[in-house]
Amino acid sequence: MPDRFCTQKVTAMNTQLLSYYEAIEQASADMLSAARSGNWDEVVKLEGACVLLISQLKHAASQQQLQPAEAQLKTRIMQRILLNDAEIRHLAEPWLEDLDQVLTGKSKTVH
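Okay, so the sequence shown: first residue is 50 according to this note's numbering, each after it adds one.
Structure (structure tokens):
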């Protein structure tokens, strides 16, 4: 019986670990949705939530490891997060250029 209990505990811990990855993926999808609609305040707010989740994930990951099948799922989740991040960055480029011009005191000239 102790072996079964230990296996269940490890599985539960790994499920919790995977839930952090899934929560980060959801937050990144929400960030992408906000970026697509031009709601940059929401993007920044969600980015803060991601920072907190990542911190919690780092702590949890230092105490447990994923099984190979779970690691494959983690890899797929991470790939989706990276795709979301790439699109958010692409959408943010014009906004960041405008912000840079405002901060440097240059106004955008429209012809």
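Built from N, CA and C at the ideal position, the CB exists for glycine as well.
Would you call the CB atoms of residue 101 and residue 70 closer than 8 Å? Reading the sequence shown from its first residue, position 52 is the one you call residue 101. Reading the sequence shown from its first residue, position 21 is the one you call residue 70. Their beta carbons are not under 8 Å apart, which means residue 101 does not touch residue 70 by this criterion.
Is the number of C-beta pairs between the stretch 67-84 and the stretch 127-144 that are closer than 8 Å three or more? Segments in contact, yes.
Other residues of its chain near residue 98: CB distance less than 8 Å, five sequence neighbours each side excluded: Sequence index remark: in the sequence shown, residue 98 carries index 49 (1-based). Same-chain partners within the cutoff: 76.
Does the Cβ of residue 151 have 16 or more other Cβ atoms within 10 Å, making it buried, or fewer, making it exposed? Reading the sequence shown from its first residue, position 102 is the one you call residue 151. Exposed is the call here.
Please say whether residue 126 and residue 81 have beta carbons closer to each other than 8 Å? If you number the sequence shown from 1, residue 81 lands on position 32. If you number the sequence shown from 1, residue 126 lands on position 77. At the C-beta level, residue 81 and residue 126 stay beyond 8 Å of one another.
Quick one: grab the DSSP three-state call for residue 133. Here residue 133 refers to the residue found at position 84 when the sequence shown is read from its first residue. In this structure, residue 133 counts as helix in the three-state DSSP scheme.
Span separating the alpha-carbon of residue 93 from that of residue 112: Along the sequence shown, one-based indexing puts residue 93 at 44. Along the sequence shown, one-based indexing puts residue 112 at 63. About 30 Å.
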